[in-house]
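Engineer:
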Amino acid sequence: MRKRKGPAPKVYTCNGISDDLAGWVRRTGISKGALKNRLRLRWPFQRVFMTPVKVRSPKGAPRKPRKSRARGNNLIVVSAEQIFRAWARSSAPETTG
133 MRKRKGPAPK VYTCNGISDD LAGWVRRTGI SKGALKNRLR LRWPFQRVFM
183 TPVKVRSPKG APRKPRKSRA RGNNLIVVSA EQIFRAWARS SAPETTG
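One rule links them: number in this note's numbering = place in the sequence shown (from 1) + 132.
The following block contains the structure:
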């Protein structure tokens, strides 16, 4: 077996289980990048290794409509068809009968 070059990997202990980062990736299924970010942000070890990753929607999936940031001014969204109907009603000759 070859000897590993470089420094020995850091060992992290959580719930009595000690393992390096690669071992925790295998145990938890959480990506190495996610675990490294959590450690960089100084999350408690219990939270780093036991919190599941939020599932994001895939690219191209429809997004929820954003709320308007305008305050006090209510925005009304209308289609071209609605505008045309309103115009047709207002410009049509009045019939009396």
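Think of the CB as a built atom: it goes at the ideal place given N, C-alpha and C, for glycine as much as any other residue. These numbers were taken from a predicted model, which means no experiment stands behind them.
(1) Can you give the beta carbon distance from leucine 153 to proline 141, rounded, assuming they're within the 8 Å contact cut?
(2) Going by beta carbon distance, what residues of the same chain come within less than 8 Å of isoleucine 162, once the five residues before and after it are set aside?
(3) Give the DSSP bridge partners of isoleucine 162, in chain order.
(4) Take the Cβ of leucine 167 as the centre, count every other Cβ of all protein chains shown within 10 Å, and call the residue buried at 16 or more, exposed below.
(5) Which residues in the same chain have their Cβ closer than 8 Å to the Cβ of lysine 164, if we skip the five residues on either side of it in sequence?
Structural biologist: Looking at the coordinates:
(1) 7 Å
(2) Trp156, Phe181, Pro184, Val185
(3) In the DSSP output, where bridge partners are listed per residue, isoleucine 162 has none listed.
(4) buried
(5) Leu153, Ala154, Val157
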